[in-house]
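Here the structure is laid out as structure tokens; the discussion comes afterwards.
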Amino acid sequence: MRSSQFFFTTLKEAPADAEVISQKLMLRAGFIKRAAAGIYTWMPLGLRVLRKVENIVREEMNRAGALELLMPAVQPAELWQESGRWEKYGPELLRFKDRHQRDFVIGPTHEEVITDVVRRDVKSYRQLPIHLYQIQTKFRDEIRPRFGVMRGREFLMKDGYSFHASFADLQREYQRMYDTYSRIFTRLGLQFRAVAADTGSIGGTGSHEFHVIAETGEDDIAYCPDSDYAANVELAEALPPATPRPAPSAPLTRVSTPGKTACADVAEYLGIPLAGLVKSIAVVSETASGDKTFALLLLRGDHELNEIKVSKLAGLSPFRFATEAEVEEFLGCKPGYIGPVGVDTGKVRVIADRTVAAMGNFACGANLADFHLTGVNFGRDCPEPEVADLRNVVAGDPSPDGKGYLAICRGIEVGHIFQLRTQYAQALDCTFLDEQGKRQVMEMGCYGIGVSRIVGAAIEQGHDDKGIILPASIAPFAVAIVPMGYHKSEAVKAAADQLYRQLLAAGLDVLLDDRDERPGSMFADMELIGVPHRIVVGERGLAHGQLEYKGRTDAEATLIAADSVLGFLQERLCAA
RNA sequence: CGGAGUGUAGCUCAGCCCGGUAGAGCACUGCGUUCGGGACGCAGGGGUCGCAUGUUCGAAUCAUGUCACUCCGACCA
Numbered sequence: 007m008r009s010s011q012f013f014f015t016t017l018k019e020a021p022a023d024a025e026v027i028s029q030k031l032m033l034r035a036g037f038i039k040r041a042a043a044g045i046y047t048w049m050p051l052g053l054r055v056l057r058k059v060e061n062i063v064r065e066e067m068n069r070a071g072a073l074e075l076l077m078p079a080v081q082p083a084e085l086w087q088e089s090g091r092w093e094k095y096g097p098e099l100l101r102f103k104d105r106h107q108r109d110f111v112i113g114p115t116h117e118e119v120i121t122d123v124v125r126r127d128v129k130s131y132r133q134l135p136i137h138l139y140q141i142q143t144k145f146r147d148e149i150r151p152r153f154g155v156m157r158g159r160e161f162l163m164k165d166g167y168s169f170h171a172s173f174a175d176l177q178r179e180y181q182r183m184y185d186t187y188s189r190i191f192t193r194l195g196l197q198f199r200a201v202a203a204d205t206g207s208i209g210g211t212g213s214h215e216f217h218v219i220a221e222t223g224e225d226d227i228a229y230c231p232d233s234d235y236a237a238n239v240e241l242a243e244a245l246p247p248a249t250p251r252p253a254p255s256a257p258l259t260r261v262s263t264p265g266k267t268a269c270a271d272v273a274e275y276l277g278i279p280l281a282g283l284v285k286s287i288a289v290v291s292e293t294a295s296g297d298k299t300f301a302l303l304l305l306r307g308d309h310e311l312n313e314i315k316v317s318k319l320a321g322l323s324p325f326r327f328a329t330e331a332e333v334e335e336f337l338g339c340k341p342g343y344i345g346p347v348g349v350d351t352g353k354v355r356v357i358a359d360r361t362v363a364a365m366g367n368f369a370c371g372a373n374l375a376d377f378h379l380t381g382v383n384f385g386r387d388c389p390e391p392e393v394a395d396l397r398n399v400v401a402g403d404p405s406p407d408g409k410g411y412l413a414i415c416r417g418i419e420v421g422h423i424f425q426l427r428t429q430y431a432q433a434l435d436c437t438f439l440d441e442q443g444k445r446q447v448m449e450m451g452c453y454g455i456g457v458s459r460i461v462g463a464a465i466e467q468g469h470d471d472k473g474i475i476l477p478a479s480i481a482p483f484a485v486a487i488v489p490m491g492y493h494k495s496e497a498v499k500a501a502a503d504q505l506y507r508q509l510l511a512a513g514l515d516v517l518l519d520d521r522d523e524r525p526g527s528m529f530a531d532m533e534l535i536g537v538p539h540r541i542v543v544g545e546r547g548l549a550h551g552q553l554e555y556k557g558r559t560d561a562e563a564t565l566i567a568a569d570s571v572l573g574f575l576q577e578r579l580c581a582a
């Protein structure tokens, strides 16, 4: 490609509302243009990158035996009503009516459609297993789209679905996808980690997320540096403390804490560490008939509640946070000063986190406005609470696999694999006849990769003060030829054109920057857009039969003989 | 959904407090000089200041409404 035939615009300054580095650089490099919140046009330059990522994903999926198809972006509401997700999915699902007032959605995912496809045509165990995938635009009406293509509303996703006659066969395919995903992210040059994950709203059991490790990631990952354990923080189990609860040694004391409602304020005011305080969180679970369960969840002052864990407790699924009025009704005290001492256990469930259950002589709210208690001990001052794992793990917690201690890092979720089991197949009556001629519900797996998000994630991992750094496999161009005075010097023009034809003929993905720009602009642009290899053609090198090579991350350029450039580049491209 | 903030040229922003009919830099067009790290000079094109209503002789500026966008929050009592 010649720059003069191509179309790209670069900016010196990023739009003011761009937050993360990948978003700023993608806008500056002209990869994308914002059309609306979370909705972008992929310009020709950015599209080249997106397509390269897409093709690597496609190649590996095909290699793993999956078959590509393309499903509609617009889906009929009936399928969603049939699976029950028309009600369950919530406002992220973009719904609309056609001219006949029929309901449709713009697909945020395709379990319903694929299951419908398979149930129509697959009738026998002989046709199983089958794995179908597509690379297609999805739409999820995110509350708060941000970070450019990393959390867009419209995005490109590879979603694959496998169908099996047995759970064992699903597990085999799941493992194969685990390996395939690892290959894909490795080929993409990403630093990633597979982590055990919660199955979230999509349901099912058995799930791994693939995360690109990056500071700007939106997910916290707990991992063990001494083993291969890694899990989403929301899922990682917080083990009970190894040290037993100390015996009561301090007297129960009521202290005045006027106006101090936040844990940190109370701890500071009382001169105790945050970890010596127990905070109480009031939640309510309401049944369809209107019966309320009111529960007081006890957490150590410096720990965070894990809502997923709470929602899995018997009698608290689903739950919500209590209103101020409910707190007053059940505890007779306004929020800010509530605690486990003196509550009516006939009306209130008290559930302590495992860590809290092992605490003694702690401080907590007194259930009396402007007062807290110190020296509180279970068994002596209030009944023994229920005990459960309620909190997010923190760095330094013991690893659940017993092999050391957890560390926390941030990750960008770029892939997710699930064993859906029979959830959708059951709802949509997707069945087959087994060898005995007996009707069975199919086992299903689903496997997603955020193709457009990968571009953002790759740039989060690869950039410097000059711009984007991408591996040749996904860079917009693998090689840039930058002539010094293309429009002034016949010798330079001839040499640049000849080199360009030679590299093209050799199958290299090369950009000849034949714009009538000053050298500084061309260098800056080629670096900004992330071209990994650069050849400079200038009169002063040509005089000695030499060209100049510089890798995107090299500190200095190196001179090479003009006739050995092709071999030199091929060597570098193979090595990468 | 709650709170805060911002809407002025393609991009980054000034002007608004204190009303008098719109500016800078980058980008763009032309000419000239320049030409190995985002050049310089001169001359240009481009905005009814998000939109609506109101106040006023007069509104980018003040008021009200509305729309859009951004940020923070939406557990941590």
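If you read the first sequence in the working numbering, its first letter stands for residue 7, the second for the next number, and so on.
All residues carry an ideal CB built from backbone N, CA and C; glycine is no exception.
All values derive from a computational prediction rather than experimental measurement.
In its chain, beyond the 5 residues on either side, A200, H214, I423 have a beta carbon closer than 8 Å to the beta carbon of Y184. Taking C-alpha positions only, A43 is separated from A24 by approximately 11 Å. For the options H106, V218, D376, V111, the alpha carbon positioned closest to that of G96 is the one of V111. Runs of the beta strand (DSSP E) lying entirely within the segment 435-500, each at least 3 residues long, are 437-439, 445-447, 449-456, 485-489 in chain order. By alpha-carbon distance to T121, the top candidate from Q467, I136, A273, R355 is I136. Put simply, the segment 168-181 does not touch the segment 44-62. Fewer than three CB pairs are less than 8 Å apart. Residue burial is scored here from C-beta neighbours: K94 has fewer than 16 other C-beta atoms within 10 angstroms and is therefore classed as exposed. With 16 or more other CB atoms across the displayed protein chains lying within 10 angstroms of its CB, V272 is buried. Cβ-Cβ distances below 6 Å link A501 to V543, L548 in the same chain, with the five nearest sequence neighbours on each side left out; the list follows chain order.
Counting C-beta pairs closer than 8 Å gives three or more between the segment 340-360 and the segment 394-414, which meets the contact rule.
In this structure, the alpha-carbon of G551 lies about 16 Å from that of S495. Excluding the 5 residues flanking it on each side, Q87 has no same chain C-beta neighbour closer than 6 Å. Proximity to L426 across L505, Y453, E98, S233 peaks at Y453, based on C-alpha coordinates. If only uninterrupted beta strand (DSSP E) runs of at least 3 residues are considered, those enclosed by the segment 86-159 are 100-103, 109-112, 136-145. Using a C-beta cut-off of 8 Å, the segment 291-299 makes no contact with the segment 261-281, since fewer than three inter-stretch Cβ pairs fall below that distance. Contact annotation: A35 and T16 have beta-carbon atoms nearer than 7 Å. Cβ atoms of H217 and E419 come within 8 Å of each other, at about 6 Å. Between the alpha carbons of F102 and G113 lies a gap of roughly 11 Å.
Taking C-beta separations shorter than 6 Å and ignoring five residues to either side along the sequence, the partners of E466 in its chain run S28, A220, T222, following chain order. Within the same chain, Cβ atoms closer than 8 Å to the Cβ of K353 are found at F300, F336, the five residues on either side in sequence being excluded. In this model, A431 and R91 are separated by some 13 Å (Cα to Cα). By the Cβ rule, the segment 136-148 counts as touching the segment 65-78, because three or more pairs are nearer than 8 Å. Note: H422 is bridge-paired with E215, G454 in the DSSP secondary-structure output. Pairing A281 with A363, the inter-Cα distance amounts to about 13 Å. In this structure, Y131 places its C-beta atom within 7 Å of the C-beta atom of F438.
Runs of alpha helix (DSSP H) with 4 or more residues, each lying fully within the segment 528-573, are found at 545-548, listed in chain order.
Our two residues, C370 and L379, have alpha carbons roughly 5 Å apart in a direct line.
Boundaries of the beta strand (DSSP E) around G371: 368-374. A distance below 7 Å between beta-carbons, with the five flanking residues on each side excluded, links V239 to the following residues of its chain, in chain order: D226, I227, A228, N398, V399, I414.
At a Cβ-Cβ threshold of 7 Å, M528 and V488 count as neighbours. Between V128 and M77 a beta carbon distance of about 16 Å is seen, past the 8 Å cut, so the two are scored as non-contacting.
By the neighbour-count definition (other C-beta atoms within 10 Å, threshold 16), G456 is a buried residue. Excluding the 5 residues flanking it on each side, I541 has same chain C-beta neighbours closer than 8 Å at V485, A486, I487, V488, L505, L553, E554, Y555, V571, L575, in chain order.
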